[in-house]
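Offset between the sequence shown (1-based) and the numbering used here: plus 103.
All residues carry an ideal CB built from backbone N, CA and C; glycine is no exception.
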Amino acid sequence: MRIDTKFTKRNLQARGLEPADCVLKNCRIIDVFCGEIVHADVAICEETIVGIGDYSGKKEIDCKEAFVAPGFMEGHIHIESSMLSPKQFVKTVLPHGTTTVVCDPHEIANVAGVEGVKYVLEESKDLPCAIYVMAPSCVPATHLENSGARLSSSDLELLLKLPRVIGVAEMMNYPGVLFQDEEVVRKICLARESGVPIDGHAPGVSGKDLQAYIGSGIFSDHECATAAEALEKLSSGMFLFMREGSTAKNLEDLLPAVTEKNSHRCLLVTDDCHPDELLKEGHLDRILRRAISLGLDPVIAIQMVTINVASYFRLYDRGAIAPGYRADLVVFDDLMDIRIKTVFSGGTQLDEIMCNESLFSKSLTEGYPSVLNSVHVDTSKISFKIPAVGKIIKVIGVRKDQLVTDSLRLPALIDDGFVLSDISRDIIKIAVIERHHTTGNMGLGFVHGIGLQEGALASTVGHDSHNITVIGVDDMDMEIAVQAIVKQGGGLAVVKNGEVVERLVLDVAGLMSTDEAHVLADKFSNLLMAALKLGVQVSDPFMLMSFLALPVIPHLKITDMGLVDVDAFSHTDLWL
């Protein structure tokens with residue numbers, strides 16, 4: 104057998120018989136295996152680390168006692184939530200130290216099916232931040248809504264054969280697991296037979312139901328809200344994904360559950376993150392700073408975005424600084440306040456990567472027609488009038504920085520036989536309109552806790568089926584907001600007194616833009632400012648709205664088919 108020349112080259116450089124291609128000198132290396140800090144050089148041959156110790160190289164970079172950690176790894180995110188195309192997302196997070204991302208593209212899959220997942224794979228191919236994909240397990244998430252597509256177990260079998268598809272994404276239909284829905288069971292069995300991980304999604308599930316859920320083969324969860332819930336899941340064998348995103352911020356509540364003994368089963372993830380936050384505060388580096396400020400040991404925190412992620416997802420070529428590992432590295436000066444100085448992806452330094460504009464060229468949507476043409480609504484048939492048939496209504500109650508909502512019972516404001524928004528009690532209308540097949544389906548209800556005093560907000564981003572979600576004080580403004588985003592082919596809009604005051608076009612499946620992050624962030628900032636002027640009291644009403652349509656997180660939600668009692672996993676009437 105002929106010995107590979109690359110093997111020979113790495114062997115000679117590792118043994119110090121030849122100078123390494125590149126050496127990072129005078130490093131304080133984060134040893135994620137032993138949880139220690141090691142003073143040494145890092146020798147790199149092409150894209151691979153070949154040695155830790157005292158090395159010389161053809162190219163030498165003096166790190167001057169800076170800390171060097173493995174490239175950060177995101178274990179759970181929906182890239183679509185950033186509203187950036189995969190290429191623009193990578194261009195944004197790479198300078199913040201993220202060199203590997205495991206994403207669940209179920210947002211675009213709910214709009215465009217298998218073609219949407221293939222778009223993400225093609226768009227993210229050969230990027231300096233590796234994008235791995237989990238095959239979406241719940242498209243649609245439930246039977247309680249209409250989506251643009253359906254993914255069967257046969258579709259998952261096809262997806263699992265594609266490059267960079269490494270598992271089955273969050274099984275949100277936990278009632279389907281517990282009650283042995285035939286198609287859900289097929290998907291779980293498919294993952295187990297394929298030997299790939301299955302991510303979980305089980306908010307509030309505990310006791311024997313949790314045992315059954317885990318026993319089916321699902322070994323992670325990112326929906327814990329309390330330390331007690333986290334400890335129960337950890338002790339039952341789950342990996343704990345601690346989420347700190349743009350809307351759901353669970354880190355502070357969950358950190359008390361983390362100990363030195365169980366931290367190897369914990370990951371730090373974002374789940375959903377908006378572009379302005381990525382630009383201003385960062386990505387995983389932001390979460391690291393937050394975790395460390397809350398008292399988490401910084402080396403343990405780094406393990407949670409490196410080796411722990413690699414271990415869970417079986418990405419054994421990355422996540423550590425050691426011989427044979429990919430040379431994905433981040434360099435920073437202060438372990439207690441991690442601010443990235445530079446990044447290496449496969450041994451190539453950040454400056455060189457960012458100069459290569461061809462890496463981040465225009466999105467490839469032209470080959471994916473269902474991704475480009477995704478909004479189908481007959482706006483002439485829309486009406487937001489709600490006839491009064493009682494006195495007490497069920498109202499969605501918003502909780503600060505949480506995806507869980509309350510199911511409130513409140514007196515309705517009735518005028519001339521119709522129920523109106525009541526700004527004095529912060530009770531405003533909400534509607535979800537089916538936008539994929541022109542069915543005319545529309546769910547109507549009310550929400551408390553947003554603070555809107557006038558006008559309307561509308562969006563084609565509505566987890567997970569991504570129908571149109573609109574909230575408003577005035578029916579006419581709500582209609583105009585919906586008409587605006589239908590006409591522009593998807594996106595967000597703010598309306599006041601019959602006029603669109605701000606809009607954002609999301610032409611990729613009604614979820615993403617091909618604009619660069621700074622352009623998109625500026626537009627989004629203008630939207631948030633316009634919403635703030637209408638009285639909104641939450642930091643990001645559009646992200647919040649998108650989750651009010653998600654019928655798998657307790658307790659009361661709304662879809663295009665009406666109000667949903669998530670605890671009963673069924674539709675419920677507006678009237679008590």
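Around the C-beta of Thr111, are 16 or more other C-beta atoms found within 10 angstroms, so that it is buried, or is it exposed? exposed
Count the C-beta pairs between the segment 332-350 and the segment 128-147 that are closer than 8 angstroms, then say yes if the count reaches three, no if not. no
Should Ser255 and Glu218 be called a contact, given that it needs their Cβ atoms to be closer than 8 angstroms? No, these two residues do not count as a Cβ contact at 8 angstroms.
Around the Cβ of Thr362, are there at least 16 other Cβ atoms within 10 angstroms (buried) or fewer (exposed)? exposed
Residue range of the unbroken alpha helix (DSSP H) whose run includes Asp481: From DSSP, Asp481 is part of no alpha helix (DSSP H); its letter is neither H nor E.
Where in the segment 425-490 do unbroken runs of the beta strand (DSSP E), each at least 3 residues long, occur, reported from the N-terminal end onward? 432-435, 443-448
Under 8 angstroms between the Cβ atoms of Leu511 and Val498? yes
Could you say which of Asp312, Leu334, Arg502, Glu210 lies nearest to Leu281 if we only look at CA atoms? Asp312
Would you check if the distance between the CB atom of Thr409 and the CB atom of Met176 is smaller than 8 angstroms? yes
By how many angstroms is the C-alpha of Leu371 removed from the C-alpha of Ile390? 7 angstroms
Check whether the Cβ atoms of Leu659 and Leu653 lie closer than 8 angstroms to each other. no
Along the chain, where does the alpha helix (DSSP H) containing Ile526 start, and where does it finish? Note, Ile526: premise wrong, no alpha helix (DSSP H); not H, not E.
Ends of the beta strand (DSSP E) at Lys599? 594-599
Could you tell me whether the segment 312-322 touches the segment 293-302, where touching means 3 or more Cβ pairs closer than 8 angstroms? yes
Contact under 8 angstroms by Cβ, Val669 with Val434: no
Which same chain residues end up closer than 6 angstroms to Glu537 when comparing Cβ atoms and leaving out the 5 residues on each side of it in sequence? Asn249, Asn544, Asn570, Asp663
By DSSP, does Met237 sit in helix, in strand, or in coil? strand
Do you know how far the Cα of Gln586 is from the Cα of Arg606? 12 angstroms
Does the Cβ of Pro231 have 16 or more other Cβ atoms within 10 Å, making it buried, or fewer, making it exposed? buried
Report back the beta-carbon spacing between His209 and Ala272 to the nearest angstrom; my notes put them in contact at under 8 angstroms. 6 angstroms
Specify the secondary structure class of Phe416 as computed by DSSP and reduced to three states. Helix.
What is the DSSP secondary structure of Gly422, counted as helix, strand or coil? coil
Can you give me the C-alpha to C-alpha distance between Ala404 and Phe416, rounded to a whole angstrom? 18 angstroms
How about Ser188 and Glu225: are their beta carbons less than 8 angstroms apart? In terms of Cβ geometry, Ser188 and Glu225 do not form a close pair [threshold 8 angstroms].
What separation, rounded to the nearest whole angstrom, lies between the Cα atoms of Thr452 and Thr108? Residue 452 is actually Gln in this sequence, not Thr. Near 24 angstroms, if we compare the C-alpha coordinates of Thr108 and Gln452.
Simplified DSSP state of Met275, which is helix, strand or coil: coil
Who are the Cβ neighbours of Ser642 in its own chain at under 6 angstroms, not counting the five residues just before and after it? none
Starting from the C-beta of Lys494, find all residues in its chain whose C-beta is less than 7 angstroms away, skip the five residues before and the five after it, and write them out in chain order. Pro514, Ala515
Tell me the rounded alpha-carbon separation between Leu630 and Leu387. 25 angstroms
When we look at the beta-carbon of Gln116 and count the other beta-carbons within 10 Å, is it buried (16 or more) or exposed? buried
Over the uninterrupted alpha helix (DSSP H) stretch that includes Phe645, give me the two end residues. Counting along the chain, the alpha helix (DSSP H) containing Phe645 begins and ends at 644-651.
Going by other Cβ atoms of all chains shown within 10 Å of its Cβ, with 16 needed for buried, is Arg442 buried or exposed? exposed
Put Val604 into one of helix, strand or coil per three-state DSSP. strand
Backbone secondary structure at Met288 - three-state DSSP: Here residue 288 is Val; the residue named in the question, Met, does not match the sequence. Annotated three-state conformation of Val288 is helix, per DSSP.
Would you mind working out which of Ser240, Val597, Pro657 sits nearest Arg289, comparing C-alpha positions? Ser240
DSSP state of Gly216, grouped into three classes? Per DSSP, reduced to three states, the secondary structure at Gly216 is helical.
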